[in-house]
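Colleague: Following this message is one structure expressed as structure tokens.
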Amino acid sequence: MALSTSTTRNADLRVESVDEVLDHVERAFQTHLTRDTVVRKRRSVGARTDRETWVRIERRGLDKIGVQGWNGTESAARLEGIAQPAWQGCVVWRDAGGPVMWRADETELLPGKPIGTAVLSGDPMLPDEWWKAFSSSLVALAAQGTRRVATPDTDTITQALVTESIRGVFSDDFDTTVERWVPAHADLNWANMTAPTFCLFDWEDWGNAPLGLDSASLWASSLAVPALADRVRHERRSDFESRDGKLMTLFVCSKILGPYAHPEDPRLEPARRMAEQIVAELQAG
496 MALSTSTTRN ADLRVESVDE VLDHVERAFQ THLTRDTVVR KRRSVGARTD
546 RETWVRIERR GLDKIGVQGW NGTESAARLE GIAQPAWQGC VVWRDAGGPV
596 MWRADETELL PGKPIGTAVL SGDPMLPDEW WKAFSSSLVA LAAQGTRRVA
646 TPDTDTITQA LVTESIRGVF SDDFDTTVER WVPAHADLNW ANMTAPTFCL
696 FDWEDWGNAP LGLDSASLWA SSLAVPALAD RVRHERRSDF ESRDGKLMTL
746 FVCSKILGPY AHPEDPRLEP ARRMAEQIVA ELQAG
């Protein structure tokens, strides 16, 4: 049975019919998905089940799965000291209509609502307890061991990618070599965390990445709210003060300031100012 007719490159589950996919998952998990709870994103769909769990369904092209597979949520279940929803099980199948695979992961329900969209426009006013749990989880994550390699935006992060991204936007008279690689969530933004109780979810892309990637990514998602961006830097200052953290800040700034920059993006100016400061620091050695 073919569950998709769109090409992988142009696929957008926010606008396509997903009824057949939801039906398929219900049969596989022997549960009912509550249709009025469905959350649709470009390449994933989520819904609540009648047994009080959550199912996240993702479509990914075969060229984006790679040799390590795409069992991020499943493999993250073994991580210790991190606030995340407990993983229950999964079902994976290949789409008969093209070079595409589907994966549905069932987890326990989140302890709260997602804080917002990937990029926030207002301060969520998070309590100190939230920030403590947030930082504790990131510290615990960086201390783990894994052979997985992070795939932010489904692209495997490598030294070559870091260098190419930074060199494409900024000066080339400083070294872009990453010194330390540690486990990272690799999709850390305000849409993947809950409040008032902290919980970090959507672990599809986690793996080893340059130190500071997660902190820099969340900072970039906060730039439209200066006080929030400052709080992220304060809470994760050890990352931002490290050389690798500075490179990761340039890495995320390159995505904001690069060739696809939107002229009305409120993050442009603060990203530009920070990038200029960091480039000067790296040039000074």
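Numbering (the numbering used here), first residue to last: 496 to 780. Virtual Cβ for every residue (Gly too), placed ideally from N, Cα, C.
Determine the direct distance from the alpha carbon of Arg-538 to that of Thr-500, and round the result to whole angstroms.
Modeller: To locate residue 500, count along the sequence shown from 1; it is residue 5. To locate residue 538, count along the sequence shown from 1; it is residue 43. With a pLDDT of 39 at Thr-500, under the threshold of 50, the modelled position of this residue cannot be trusted, and the question is left open.
Colleague: What are the complete alpha helix (DSSP H) segments, minimum 4 residues, inside the stretch 628 to 699?
Modeller: Listed in chain order, the alpha helix (DSSP H) runs fully inside the stretch 628 to 699 are 654 to 662, counting runs of at least 4 residues.
Colleague: Does Ala-717 pass the burial test, meaning 16 or more other C-beta atoms within 10 Å, or should it be called exposed?
Modeller: Looking up residue 717 in the sequence shown gives position 222. The sequence given here has Ser at residue 717, not Ala. It is buried - the Cβ of Ser-717 has at least 16 other Cβ atoms within 10 Å.
Colleague: Use the C-beta contact count for Gln-778: other C-beta atoms within 10 angstroms, 16 or more gives buried, fewer gives exposed.
Modeller: Taking the first residue of the sequence shown as 1, we reach residue 778 at position 283. Exposed: under 16 other Cβ atoms inside 10 Å.
Colleague: Examine the Cβ distances between the stretch 653 to 660 and the stretch 625 to 634 and report whether three or more of them are shorter than 8 Å.
Modeller: Not touching, per the Cβ criterion.
Colleague: So for Thr-744, helix, strand or coil by DSSP?
Modeller: Taking the sequence shown and counting its residues from 1, one reaches residue 744 at position 249. In the displayed model, Thr-744 falls within a helix according to three-state DSSP.
Colleague: Looking at Glu-575: is its Cβ nearer than 8 Å to the Cβ of Ala-637?
Modeller: By 1-based counting over the sequence shown, the position of residue 575 is 80. By 1-based counting over the sequence shown, the position of residue 637 is 142. Not closer than 8 Å, so no.
Colleague: With three or more beta-carbon pairs closer than 8 Å as the criterion, would you say the stretch 551 to 567 touches the stretch 594 to 604?
Modeller: Enough Cβ pairs lie closer than 8 Å, so yes.
Colleague: Taking a contact to mean a Cβ-Cβ separation below 8 Å, would you say Ala-722 touches Asp-650 in this structure?
Modeller: Taking the sequence shown and counting its residues from 1, the one referred to as residue 722 is at position 227. Taking the sequence shown and counting its residues from 1, the one referred to as residue 650 is at position 155. At the C-beta level, Ala-722 and Asp-650 stay beyond 8 Å of one another.
Colleague: Within 8 Å, do at least three Cβ pairs link the stretch 584 to 594 to the stretch 675 to 690?
Modeller: no
Colleague: What residues in its chain sit with their C-beta under 7 Å from that of Asp-507, if we drop five residues either side in the sequence?
Modeller: Reading the sequence shown from its first residue, position 12 is the one you call residue 507. Arg-537, listed in sequence order.
Colleague: Specify the secondary structure class of Ile-577 as computed by DSSP and reduced to three states.
Modeller: Here the question's residue 577 lines up with position 82 in the sequence shown. Residue state, collapsed to three classes: coil.
Colleague: Can you tell me where the beta strand (DSSP E) holding Met-769 begins and where it ends?
Modeller: Numbered from its first residue, the sequence shown carries residue 769 at position 274. Not the beta strand (DSSP E): Met-769 falls in the alpha helix (DSSP H), residues 763 to 778.
Colleague: Determine contact between the stretch 731 to 742 and the stretch 703 to 714, defined as no fewer than three beta-carbon pairs at a distance below 8 Å.
Modeller: yes
Colleague: Starting from Glu-515, trace the alpha helix (DSSP H) in both directions and tell me its first and last residue.
Modeller: Start at 1 with the first residue of the sequence shown, and residue 515 comes out as number 20. Residues 514 to 524.
Colleague: Which residues does DSSP list as the beta-bridge partners of Leu-528?
Modeller: Counting from 1 along the sequence shown, the entry for residue 528 is found at position 33. Bridge partners of Leu-528: Thr-544.
Colleague: Is the beta carbon of Thr-646 less than 8 Å from the beta carbon of Gly-564?
Modeller: Start at 1 with the first residue of the sequence shown, and residue 646 comes out as number 151. Start at 1 with the first residue of the sequence shown, and residue 564 comes out as number 69. Cβ atoms of Thr-646 and Gly-564: not closer than 8 Å.
Colleague: Whose CA, out of Met-769, Val-614, Thr-689 and Arg-662, lies closest to the CA of Glu-624?
Modeller: In the sequence shown, the residue the question calls residue 624 occupies position 129. It is Thr-689.
Colleague: Let me check one thing: in DSSP terms, what residues is Ile-552 bridge-paired to?
Modeller: For the purposes of this step, residue 552 is taken as residue 57 along the sequence shown, with counting starting at 1. Ile-552 pairs with Val-540 and Ala-599.
Colleague: If I follow the unbroken beta strand (DSSP E) through Trp-588, where does it start and stop?
Modeller: Translated into positions along the sequence shown, residue 588 becomes position 93. Run containing Trp-588: 582 to 589, per the beta strand (DSSP E) assignment.
Colleague: Tell me whether Pro-721 sits in a helix, a strand or coil according to DSSP, three-state version.
Modeller: Taking the sequence shown and counting its residues from 1, the one referred to as residue 721 is at position 226. Helix, per DSSP.
Colleague: Which whole-angstrom value describes the C-beta separation of Gly-732 and Trp-714, a residue pair presumed to lie in contact below a C-beta threshold of 8 Å?
Modeller: Here residue 732 refers to the residue found at position 237 of the sequence shown. Here residue 714 refers to the residue found at position 219 of the sequence shown. What sits at residue 732 in the sequence shown is Arg, not Gly. Your pair Arg-732 and Trp-714 does not check out as a contact, with CB atoms roughly 11 Å apart and the cut at 8 Å.
Colleague: Which of helix, strand or coil does DSSP assign to Ala-571?
Modeller: In the sequence shown, counting from the first residue as 1, residue 571 sits at position 76. The answer is helix: DSSP assigns Ala-571 an H, G or I state.
Colleague: Given Thr-692, which residues of its chain have a CB within under 7 Å of its CB, disregarding the five upstream and five downstream residues?
Modeller: Translated into the one-based positions of the sequence shown, residue 692 becomes position 197. Within its own chain, the residues whose Cβ lies closer than 7 Å to the Cβ of Thr-692, once the five positions on either side in sequence are excluded, are Pro-606 and Gly-607, listed in chain order.
Colleague: Within the continuous beta strand (DSSP E) that includes Gly-593, where are the two ends?
Modeller: Along the sequence shown, read from residue 1 onward, the residue named residue 593 stands at position 98. Unbroken run through Gly-593: none, as it is neither H nor E.
Colleague: Would you identify the three-state DSSP class for Ala-613, choosing helix, strand or coil?
Modeller: For the purposes of this step, residue 613 is taken as residue 118 along the sequence shown, with counting starting at 1. Ala-613 falls in the coil class under three-state DSSP.
Colleague: What does DSSP give as the partner residues of Pro-622 in its beta bridges?
Modeller: Stepping through the sequence shown from its first residue, residue 622 is reached at position 127. None; Pro-622 has no bridge partner.
Colleague: Going straight from the alpha carbon of Leu-517 to that of Asp-531, what length do you get?
Modeller: Residue 517 sits at position 22 when you count from the first residue of the sequence shown. Residue 531 sits at position 36 when you count from the first residue of the sequence shown. Approximately 12 Å, taken between the alpha carbons.
Colleague: What does a CB cutoff of less than 7 Å around Val-644 pick up in its chain, not counting 5 residues either side in sequence?
Modeller: Counting from 1 along the sequence shown, the entry for residue 644 is found at position 149. Around Val-644: Gln-563, Thr-651, Ile-652, Gly-702 and Asn-703.
Colleague: What does a CB cutoff of less than 7 Å around Asp-668 pick up in its chain, not counting 5 residues either side in sequence?
Modeller: Against the sequence shown, residue 668 aligns to sequence position 173. Result list for Asp-668: Gln-778, in chain order.
Colleague: Determine the extent of the alpha helix (DSSP H) in which Arg-732 is found, giving its start and end residues.
Modeller: Walking along the sequence shown from the start, residue 732 turns up at place 237. Looking at the DSSP string, the run of the alpha helix (DSSP H) that includes Arg-732 is 732 to 736.
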